[in-house]
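Trainee: Right, I'll just put the structure down here and ask away after.
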Amino acid sequence: MNPESPGPLFIFPPAEVPIGTIRIYTNEMISIVVSHLPDDTWGAVENLCSHDNGTLGEGYLQNNRVICPRHGAAFDCVSGAAKSLPAVRSILAYSVSLQDNGYMAIDHQASS
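Here the sequence shown stands for residues 1 to 112, numbered as in my numbering.
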């Protein structure tokens, strides 16, 4: 992503991601997995498994973890922390906010 981009990156309306599901957002600079967690909170992490570069967004949500479809590695949907083998390295996480314009937005700055 462009670190000089001002303000949040608007992605899509929250209604497009039902509770307990994930959705991929991709543009020319970034691919992220947005999670609508069971407690009605949100998470966003990079769409790349740190174990073998698999696409996390093709996996599924289990509690507050996104599960990689390739080998079952699990990552915390909010912090990006690796939670089960075979992954041992965290992935980038992004803060999510609901905007007045009816869209969700992520920060341009990821945390690791």
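A virtual CB, placed ideally from N, CA and C, is assigned to each residue, including glycine.
1) Would you be able to state if there are at least three C-beta pairs under 8 Å between the segment 65 to 74 and the segment 94 to 107?
2) Check whether the Cβ atoms of C77 and C49 sit closer than 7 Å, and answer yes or no.
3) By the three-class DSSP mapping on this structure, what secondary structure does E58 have?
4) Between which two residues does the beta strand (DSSP E) holding R23 run?
5) Mind reading off the beta-carbon distance from N47 to T55? Whole number of angstroms is fine, and I expect it under 8 Å.
6) Can you tell me which of the three DSSP states A105 falls into?
Mentor: So, from the listed chains and residues:
1) no
2) no
3) helix
4) T21 to T26
5) 6 Å
6) strand
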